[in-house]
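Visitor:
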Amino acid sequence: MSGTWAIIVAAGRGSRIGSDLPKQYHRLSDTSILALTLDNFSKHPCVDGILVVIHADDEELFQRECSEFADKVLTTHGGATRQESVLNGLLALESTRPDVVLVHDAARPFTNHDVITNLIHAGTSGKAAIAASPVVDSLKQAADNVILKNVDRNGFWHAQTPQAFPFDIIRNAHLAIKDLSKYTDDAAVAEANGHQISIITSGKENFKITTPEDLVQATMIVNNRQNKEYKMPKEHQMESRTGFGYDVHCFEEGDHVTLCGVDIPHTKKLKGHSDADVGLHALTDAILGALCEGDIGTHFPPSDPQWKGALSDQFLIFARDRVLARQGKIIHVDVTLVCEKPKIGPNRELMVAKMANILDISPNRVSIKATTSEKLGFTGREEGIAAQAVATIQLPSTD
1 MSGTWAIIVA
11 AGRGSRIGSD
21 LPKQYHRLSD
31 TSILALTLDN
41 FSKHPCVDGI
51 LVVIHADDEE
61 LFQRECSEFA
71 DKVLTTHGGA
81 TRQESVLNGL
91 LALESTRPDV
101 VLVHDAARPF
111 TNHDVITNLI
121 HAGTSGKAAI
131 AASPVVDSLK
141 QAADNVILKN
151 VDRNGFWHAQ
161 TPQAFPFDII
171 RNAHLAIKDL
181 SKYTDDAAVA
191 EANGHQISII
201 TSGKENFKIT
211 TPEDLVQATM
221 IVNNRQNKEY
231 KMPKEHQMES
241 RTGFGYDVHC
251 FEEGDHVTLC
261 GVDIPHTKKL
271 KGHSDADVGL
281 HALTDAILGA
291 LCEGDIGTHF
301 PPSDPQWKGA
311 LSDQFLIFAR
321 DRVLARQGKI
331 IHVDVTLVCE
341 KPKIGPNREL
351 MVAKMANILD
361 ISPNRVSIKA
371 TTSEKLGFTG
381 REEGIAAQAV
391 ATIQLPSTD
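With my numbering applied, the sequence shown has no gaps in its numbers, which climb one by one up to 399 at the end.
Written out as structure tokens, the structure reads:
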């Protein structure tokens with residue numbers, strides 16, 4: 001056998017970073033994330049070799065963004081999942097058969113050398129160990145955005161990488177698992193094969209770059225090291241957009257109305273092809289307007305029988321998911337309901353909670369108001385309900 005090798009897993013797509021470029025090839029200042037990670041491990045005196053697991057489509061990217069390491073490291077191609085990529089890396093090292101292997105995420109470029117050293121010591125003593133940081137925030141268990149109970153944070157850890165193993169242990173563990181897609185890290189694979197895992201305490205500096213916010217933080221760290229002023233990469237600049245929506249439905253015979261996702265007892269119901277939730281319809285249009293992606297009728301035409309009697313929350317979920325698909329964020333929504341009856345006030349908090357849950361945002365970003373038309377017009381005559389909505393979102397800048 002031959003010392004300690006690091007397997008750097010760099011085959012992922014990193015879609016949450018908000019770019020077509022895989023995140024490991026994004027540059028922090030003038031150096032790619034992957035190159036920084038390789039530099040960190042190559043400078044550790046106890047790391048004898050590095051194998052990089054890359055995507056089959058990224059050969060040219062790797063050669064360009066990690067050119068200084070192209071002749072210093074081995075490469076192999078990844079699989080469909082992270083654990084398949086790790087297995088490919090382990091199999092590529094079978095002829096080398098190191099004593100210890102460190103499996104590490106490419107997007108963690110700031111791992112402290114002391115942590116790496118302690119992990120290697122654990123591996124050379126025949127133990128499996130992972131880098132992890134203790135949970136310091138209070139933990140809550142919740143359902144539908146309502147806290148069910150407090151959870152004692154003592155004994156809870158954030159799992160990180162590197163994860164260190166004697167080579168034979170982790171290779172055999174991966175080979176013994178029929179469906180590696182069930183596992184999210186190598187420690188879980190080893191545990192499933194009966195191995196005990198120790199923890200080496202790491203810090204928050206060992207964070208994984210996953211979101212645009214992480215990219216900003218990482219760039220600031222690198223620029224601080226180089227005494228450079230941080231400039232936001234253009235592809236991660238966000239712009240704010242506002243959309244407006246309006247909807248109206250008349251009353252017909254019934255025993256309740258559905259408003260902002262909440263059923264409210266009433267002497268009538270709202271008439272419509274779906275459940276006629278005028279509040280959610282207006283808000284859906286507001287979000288689609290901010291996206292410049294048409295209106296609710298464009299995507300859910302009333303002439304289509306599949307939407308007859310449909311719950312309107314699925315329309316709002318569609319609009320929400322369109323924002324997320326464009327790497328955007330819903331900042332704030334405001335709905336005004338115009339009616340004489342039913343009274344909105346007693347149901348306002350439930351409506352806010354319902355809409356916050358549908359949109360997957362905090363309730364303090366949801367506003368629901370009600371007013372009357374002072375007995376004027378169709379709402380004043382209690383012939384129906386109108387709703388106005390405003391949505392503020394953020395999207396990656398396109399200019």
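In this text, a Cβ means the ideal position worked out from N, Cα and C, and glycines have one as well.
(1) Leaving aside the five residues before and after Val-352 along the sequence, list all residues of the same chain whose C-beta is less than 6 angstroms from its C-beta, in chain order.
(2) Going by beta carbon distance, what residues of the same chain come within less than 8 angstroms of Gln-388, once the five residues before and after it are set aside?
(3) For the structure I just gave you, are there three or more beta carbon pairs, one from the region 304–317 and one from the region 104–117, closer than 8 angstroms?
(4) If you check the beta carbons only, do Thr-242 and Ala-290 fall under 9 angstroms apart?
(5) Exposed or buried, Met-1, counting other C-beta atoms within 10 Å across all chains shown (16 or more means buried)?
(6) Please list, in chain order, all residues of the same chain as Ser-133 whose beta carbon is under 8 angstroms from its beta carbon, the five residues on each side excluded.
(7) Can you check whether the CB of Lys-271 is closer than 9 angstroms to the CB of His-256?
(8) Between Pro-109, Pro-162, Pro-98 and Thr-76, which has its C-alpha nearest Val-115's C-alpha?
(9) Looking at the strands, I want to know which residues DSSP matches up with Pro-396.
(10) What do you reckon, are the CB atoms on Cys-66 and Ala-35 nearer than 9 angstroms?
(11) Distance, Cα to Cα, Phe-167 vs Arg-97?
(12) Does DSSP put Phe-62 in a helix, in a strand, or in coil?
(13) Could you check the C-alpha separation between Asp-186 and Asn-193 for me, to the nearest Å?
(14) Can you name, in chain order, every residue of its own chain whose Cβ lies under 7 angstroms from the Cβ of Asp-58, other than the five neighbours on each side?
(15) Would you mind giving the Cβ-Cβ distance between Ser-85 and Val-53, rounded to the nearest angstrom? I have them listed as a contact below 8 angstroms.
(16) Do you know how far the Cα of Ile-393 is from the Cα of Ile-358?
(17) Could you say which of Ala-122, Gly-294, Val-101 and Gln-327 lies nearest to Lys-20 if we only look at CA atoms?
(18) Can you list, in chain order, the residues of its chain whose CB lies under 7 angstroms from that of Pro-342, leaving out five sequence neighbours each side?
(19) By how many angstroms is the C-alpha of Pro-305 removed from the C-alpha of Arg-348?
(20) Anyone know if the C-beta pair for Ser-181 and Thr-81 falls short of 9 angstroms?
(21) Please report the residue range of the beta strand (DSSP E) in which Asn-150 lies.
(22) Using a Cβ-Cβ cutoff of less than 8 angstroms, which residues in the same chain neighbour Val-136 once the five nearest sequence positions on both sides are dropped?
(23) Between the C-alpha atoms of Leu-259 and Val-151, what's the straight-line distance to the nearest angstrom?
(24) Please specify which runs of the alpha helix (DSSP H), each continuous and at least 4 residues long, are wholly inside the region 96–145, giving them in chain order.
(25) Where do the N-terminal and C-terminal ends of the alpha helix (DSSP H) with Lys-354 fall, by residue?
(26) For Ala-128 and Phe-165, which I take to be in contact (beta-carbon distance under 8 angstroms), what is that distance rounded to the nearest angstrom?
(27) Using a 10 Å radius around the Cβ and a threshold of 16 neighbouring Cβ atoms, would you call Val-146 buried or exposed?
(28) Between the Cα of Ile-8 and those of Thr-31, Glu-60, Gln-63 and Leu-74, spot the shortest distance and give me the residue it belongs to.
(29) Determine the burial state of Gly-297: buried for a count of at least 16 other Cβ atoms within 10 Å of its Cβ, exposed for fewer.
(30) What's the C-alpha gap between Ile-221 and Glu-68?
(31) Cβ of Ala-290 versus every heavy atom of the ligand ADP: is any distance shorter than 8 angstroms?
(32) Would you identify the three-state DSSP class for Tyr-230, choosing helix, strand or coil?
(33) Does Gly-126 pass the burial test, meaning 16 or more other C-beta atoms within 10 Å, or should it be called exposed?
(34) Suppose you measure from the CA of Leu-28 to the CA of Ser-95; what does that come to, to the nearest Å?
(35) CB-CB under 8 angstroms to Ser-198, same chain, minus the five flanking residues each way: which ones, in chain order?
(36) Using a Cβ-Cβ cut-off of 8 angstroms (strictly less than) and excluding sequence neighbours within five positions of Gln-402, which residues of its own chain qualify?
Guide: Short version:
(1) Counting from 1 along the sequence shown, the entry for residue 352 is found at position 352. The residues are Pro-363, Val-366 and Ile-368.
(2) Numbered from 1 along the sequence shown, position 388 holds the residue referred to as residue 388. So the qualifying residues of the chain are Phe-244, Gly-245, Tyr-246, Ala-282, Val-335, Thr-336 and Val-338.
(3) no
(4) Within the sequence shown, the letter at position 242 stands for residue 242. Within the sequence shown, the letter at position 290 stands for residue 290. Closer than 9 angstroms, so yes.
(5) Sequence index remark: in the sequence shown, residue 1 carries index 1 (1-based). Residue placement at Met-1 is poorly supported in this model, since its pLDDT is 46, which falls under 50; the coordinates still yield a value, given next. Its Cβ having fewer than 16 others within 10 Å, Met-1 is exposed.
(6) Translated into positions along the sequence shown, residue 133 becomes position 133. Correct list, in chain order: Trp-157, His-158, Gln-160, Thr-201, Ser-202, Gly-203, Lys-204 and Asn-206.
(7) Here the question's residue 256 lines up with position 256 in the sequence shown. Here the question's residue 271 lines up with position 271 in the sequence shown. Cβ atoms of His-256 and Lys-271: not closer than 9 angstroms.
(8) On the sequence shown, residue 115 is found 115 positions in, with the first residue counted as 1. Of the candidates Pro-109, Pro-162, Pro-98 and Thr-76, the one whose C-alpha sits nearest the C-alpha of Val-115 is Pro-162.
(9) Your numbering for residue 396 matches position 396 in the sequence shown. Partner(s): Met-238.
(10) On the sequence shown, position 66 is the one that residue 66 refers to. On the sequence shown, position 35 is the one that residue 35 refers to. Cβ distance < 9 angstroms, so Cys-66 and Ala-35 count as in contact.
(11) Locating residue 167 in the sequence shown gives position 167, counting from the first residue. Locating residue 97 in the sequence shown gives position 97, counting from the first residue. When rounded, the distance between both Cα atoms is 7 angstroms.
(12) Numbered from its first residue, the sequence shown carries residue 62 at position 62. It is helical.
(13) The count along the sequence shown starts at 1 and reaches residue 186 at position 186. The count along the sequence shown starts at 1 and reaches residue 193 at position 193. If I take the Cα positions, the gap works out to 11 angstroms.
(14) The residue labelled residue 58 in the question sits at position 58 within the sequence shown. So the qualifying residues of the chain are Pro-22.
(15) Counting from 1 along the sequence shown, the entry for residue 85 is found at position 85. Counting from 1 along the sequence shown, the entry for residue 53 is found at position 53. With 8 angstroms as the limit, Ser-85 and Val-53 qualify as a contact, their Cβ atoms being about 5 angstroms apart.
(16) Here residue 358 corresponds to residue number 358 of the sequence shown, with the count starting at 1. Here residue 393 corresponds to residue number 393 of the sequence shown, with the count starting at 1. Cα to Cα, the separation comes out at about 15 angstroms.
(17) As a working mapping, residue 20 is identified with position 20 in the sequence shown. Contrary to the premise, residue 20 reads as Asp rather than Lys in this sequence. If we check each option's Cα against that of Asp-20, Gln-327 comes out closest.
(18) Numbered from its first residue, the sequence shown carries residue 342 at position 342. The answer, listed in chain order, is Val-257, Ile-264 and His-266.
(19) Within the sequence shown, numbered from 1, the residue matching residue 348 stands at position 348. Within the sequence shown, numbered from 1, the residue matching residue 305 stands at position 305. About 32 angstroms.
(20) Along the sequence shown, read from residue 1 onward, the residue named residue 181 stands at position 181. Along the sequence shown, read from residue 1 onward, the residue named residue 81 stands at position 81. Cβ atoms of Ser-181 and Thr-81: closer than 9 angstroms.
(21) Start at 1 with the first residue of the sequence shown, and residue 150 comes out as number 150. Here the beta strand (DSSP E) through Asn-150 covers 146–151.
(22) As a position in the sequence shown, residue 136 is number 136, starting the count at 1. Correct list, in chain order: Arg-153.
(23) Numbered from 1 along the sequence shown, position 259 holds the residue referred to as residue 259. Numbered from 1 along the sequence shown, position 151 holds the residue referred to as residue 151. Cα to Cα, Leu-259 sits roughly 35 angstroms from Val-151.
(24) 113–124
(25) Against the sequence shown, residue 354 aligns to sequence position 354. Start and end: 348–359.
(26) One-based indexing of the sequence shown puts residue 128 at position 128. One-based indexing of the sequence shown puts residue 165 at position 165. Going by Cβ atoms, the distance from Ala-128 to Phe-165 rounds to 5 angstroms, so yes, they are a contact pair.
(27) Here the question's residue 146 lines up with position 146 in the sequence shown. It counts as exposed.
(28) Reading the sequence shown from its first residue, position 8 is the one you call residue 8. Closest by alpha carbon: Leu-74.
(29) Numbered from 1 along the sequence shown, position 297 holds the residue referred to as residue 297. Flag for Gly-297 reads exposed.
(30) Position 221 of the sequence shown holds residue 221. Position 68 of the sequence shown holds residue 68. Their Cα atoms are separated by approximately 22 angstroms.
(31) In the structure shown, the ligand ADP is absent, as is every other ligand, since no ligand is present at all.
(32) As a first step, residue 230 must be located in the sequence shown, where it is residue number 230. Any reading at Tyr-230 needs caution, since the residue's pLDDT is 48, under 50, leaving its predicted position unreliable; the model's value is listed next. Three-state result, Tyr-230: coil.
(33) As a position in the sequence shown, residue 126 is number 126, starting the count at 1. Its Cβ having fewer than 16 others within 10 Å, Gly-126 is exposed.
(34) Locating residue 28 in the sequence shown gives position 28, counting from the first residue. Locating residue 95 in the sequence shown gives position 95, counting from the first residue. Spanning the two alpha carbons is a distance of roughly 35 angstroms.
(35) Translated into the one-based positions of the sequence shown, residue 198 becomes position 198. Excluding sequence neighbours, Ser-198 sits near Ala-122, Lys-127, Ala-128, Ala-129 and Ile-130.
(36) In the structure displayed, the chain extends from 1 to 399; residue 402 sits before or after that span and is not available.
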